[in-house]
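Chemist: Quick one: the structure is below, questions incoming.
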């Protein structure tokens, strides 16, 4: 449904980094669970056996996962050494920020939960990941100073990115045929609850459990036909069936927000955070290398590889 957000993706600790880690972990889990003999390919009659394939995947990907675990331990140990504490409320705030970024970039914060479930991550795994981020920031941020000139320069180059366009909040019920959509419109006009019908009838797995809600979006975020129909509605109004590539939609407008022009003062905190995260990115590699150099790390070699 949603197109990718145009917002700045240069900031540190973006959701794609978590997704990359989850994807790596998922490969390892699938290989271990599905380990079995068999032929996965033939090359001019020569067989490539599943056992050889799995062994090499585990050796390569397994070592990458091990390095991530070692890195987390090193940073947690360094935080303890420096007397840095992380309150549960700080992790909660970081998690809320992450979900907001998913909402903005992918249209739904529930995608994070779905990726976690598919990749074998538990809520505790994610909280540990966020705790490591917080410790890293607390250690490196005091070494960073952002000058006023840097803030002004960033504002002058990116000011338009901080404007808030007109936004609407809409819900929808997606079905396969026009006849189904018309039936849903009739049931809504007869007084049935939109959210309940979305949970019962919608084929959009991302929104149905939220009563069909798609959250807030602006022009350019949705497919053209859907967007045109949604922006024409008044708050509380329900559309007639709308066809897109995905199927037939019944749309309800939940809220509307007027466009707002940003100022450097309204954007200052976000700009400063962007610049701080960029500087943390620069400091992170050398700092981690220093931690690794000072640490006593031994690997059993059971995973193979390097």
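Numbering (the working numbering), first residue to last: 887 to 1192.
Cβ coordinates follow ideal geometry from the N, Cα and C atoms, glycine included.
Leaving out the 5 sequence neighbours to the left and right, which residues in its chain are closer than 7 Å to residue 1147 when beta-carbon positions are compared?
Modeler: 1049
Chemist: Could you give the residue range of the alpha helix (DSSP H) that holds residue 1152?
Modeler: 1150-1180
Chemist: Pop quiz: residue 976 and residue 1020 are said to be a contact at Cβ under 8 Å. What is the actual Cβ separation, rounded to whole angstroms?
Modeler: Yes, they are in contact, since the Cβ atoms of residue 976 and residue 1020 sit about 6 Å apart, within 8 Å.
Chemist: Assign residue 895 to buried or exposed, taking buried as 16 or more other Cβ atoms, counted over all protein chains shown, within 10 Å of its Cβ.
Modeler: For residue 895, the pLDDT reaches just 37, beneath the cut-off of 50, and the residue's location in the model is therefore unreliable, although a value from the coordinates is still provided. With fewer than 16 other Cβ atoms within 10 Å, it is exposed.
Chemist: State the Cα-Cα distance for the pair residue 1152 and residue 1181, rounded to the nearest angstrom.
Modeler: 44 Å
Chemist: Since residue 1048 is in the beta strand (DSSP E), which residue starts that stretch and which ends it?
Modeler: Taken as a continuous stretch (DSSP letters only), residue 1048 belongs to no beta strand (DSSP E), as it is neither H nor E.
Chemist: Would you report the Cα separation of residue 964 and residue 1111, rounded to the nearest angstrom?
Modeler: Approximately 53 Å, taken between the alpha carbons.
Chemist: Would you decide whether residue 878 is buried or exposed? Buried here means 16 or more other CB atoms lie within 10 Å of its CB.
Modeler: Nothing can be reported for residue 878: it is not among the residues displayed for the chain, which extend from 887 to 1192.
Chemist: Tell me whether residue 1140 sits in a helix, a strand or coil according to DSSP, three-state version.
Modeler: strand
Chemist: Does the beta-carbon distance from residue 1138 to residue 1056 come in below 8 Å?
Modeler: yes
Chemist: Hey, how far is the Cα of residue 1102 from the Cα of residue 1034?
Modeler: 33 Å
Chemist: For the beta strand (DSSP E) containing residue 1008, name the first residue and the last one.
Modeler: Taken as a continuous stretch (DSSP letters only), residue 1008 belongs to no beta strand (DSSP E), as it is neither H nor E.
Chemist: I need the boundaries of the alpha helix (DSSP H) containing residue 1067, first residue and last residue.
Modeler: 1064-1075
Chemist: Rounded to the nearest angstrom, what separates residue 1193 and residue 1044 at their Cα positions?
Modeler: Any question about residue 1193 goes unanswered here, given that the chain covers just 887 to 1192.
Chemist: Which residues does DSSP pair with residue 1092 in a beta bridge?
Modeler: The partner list for residue 1092 (beta bridge, DSSP) is empty, contrary to what the question assumes.
Chemist: When burial is assigned at 16 or more other CB atoms within 10 Å of the CB, is residue 1186 buried or exposed?
Modeler: exposed
Chemist: Taking just the CA atoms, how far does residue 1135 sit from residue 1193?
Modeler: Given a span of 887 to 1192 for the chain in the structure shown, any question on residue 1193 remains unanswerable.
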